[in-house]
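The letter at position 107 of the sequence shown is residue 107 when you use the UniProt record's numbering, and the numbering goes up by one with no holes.
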Amino acid sequence: MSSISQHISRPVPHIIQRGIESYDVSFNAMRAFTDARTADSADQLWIVEHPPVFTLGLGADPSHVLAPHAIPVVQTDRGGEVTYHGPGQVVIYLLMDLRRQRPSARLFVREFVQSIEQAVIDTLAAYNLAGERKPGAPGIYVAGGHWQGAKIAALGLKVRASGCTYHGVSLNVAMDLSPFSWINPCGYEGLPTIDMKTLGVDVALSEVQLALAHKLIDRFS
């Protein structure tokens, strides 16, 4: 367990299956949920699969979208640079109140991010894949082998002054990876991007969705 989950016993976040949903619908719903939540609102993990979309973080340089083709480009309010979401990718949005993780003045956002990354690493390990962090580059990368350093999971969050979070994490399972070559992923020119299927793991998306959701719950319960 990470230290973020050692302090107090907390209610388990609710898993919400939203199915295949356009990015705009999810984005608007996340903000509406966060606007309306109270101190008693349950934390939620939203599992979703998006049709193809490029999304830009608040500080993103639009020039990192090299050739969008017919894929929409959406400006968001998360942190980070440009990324791609599409079919065959696990996306989990974390609608969390960080004050429940640490009931103090500090919200420990960095520790929250590290716990999300560790949940991804643990999920990959369950399929005999090794993932690792890179200093200063949020997300998870392949550790070892031919695809050493290729990015397999991306992370971007919005943390409001209230301590409530939305946006979240994506893990590539079995995708058409070509759209990643139409951007500089997360602002890095030429960064290779990979999925679990290319690494030899042929598994149902629904299985990995729940596996990652439960690893996240392990970290935050």
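The beta carbon of each residue, even a glycine, is placed where N, CA and C say it ideally should be.
- Cα atoms of R133 and I194: separation of roughly 15 Å, rounded to the nearest angstrom.
- Uninterrupted beta strand (DSSP E) stretches at least 3 residues long and entirely within the stretch 49-79 occur at 53-56 and 73-75, given in chain order.
- With contacts defined by Cβ atoms closer than 8 Å, L155 and V113 form a contacting pair.
- Y93 is positioned such that its CB atom lies closer than 8 Å to that of S26.
- A direct Cα-to-Cα measurement between G200 and V173 gives close to 10 Å.
- It is roughly 29 Å from the alpha-carbon of F220 to the alpha-carbon of G144.
- In the DSSP assignment, no residue is bridged to E21.
- Nearest neighbour of V65 by Cα position, chosen from E117, N184, L216 and D202, turns out to be N184.
- Annotation for G57: R78, G79, G80, E81 and G156 place their beta carbon closer than 6 Å to its own, counting only its chain and skipping 5 residues before and after.
- Per DSSP, the beta bridge partners of A154 are S170.
- Non-local beta-carbon contacts of F33 in its own chain, meaning distances under 7 Å to residues more than five positions away in sequence, involve L95 in chain order.
- Bounds of the alpha helix (DSSP H) holding R219 are L205 to F220.
- In this structure P179 is in contact with Y84, their Cβ atoms being roughly 5 Å apart against a cut-off of 8 Å.
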